[in-house]
Every structure is written in C-alpha cells, then in structure tokens.
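Asker: Going by our numbering, 47 is the number at position 39 of the sequence shown; the sequence numbering is gapless. Yeah, the Cβ is synthetic: ideal placement off N, Cα and C, and Gly gets one too. This structure is a prediction, so every number in the text was calculated from the model and none was measured.
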Amino acid sequence: RSGEVCRQRWNQMVRAIGGHREKPFIEQVEVLSRRYCPEMIEYRK
9 RSGEVCRQRW NQMVRAIGGH REKPFIEQVE VLSRRYCPEM IEYRK
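1) Pull up the distance between the alpha-carbon of I25 and that of S41, whole angstroms please.
2) Taking C-beta to C-beta, are R15 and R23 nearer than 9 angstroms?
3) What is the rounded straight-line gap between the Cα of R9 and the Cα of R17?
4) Mapping the DSSP letters down to three states, classify I34 as helix, strand or coil.
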C-alpha cells in the first residue's frame, strides 16, 4: 500500500476509537490492537 492509503486507513480507525483519539500513538495502537487483534497482545509481551 502507498503511504497515503495507509494514513487514510489509520485516520479511519482513530476516528472509531472515540475518546482515545487524543492519546499518544503507542496508546492508540494498544486500544486498536485490543479491539481488532487481541491475539497480538500475547506476542507483544
């Protein structure tokens, strides 16, 4: 994917996380990973 397409997709996902929108990037990743890919959390620990 091009960088522009990735950025558009990221913006769509961030809009969907509600009050977490203002959090730092890494915290946004945590919220999104818990929501869309919970099995990934085990690999990160």
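Answerer: If we stick to the structure as given:
1) 11 angstroms
2) no
3) 11 angstroms
4) helix
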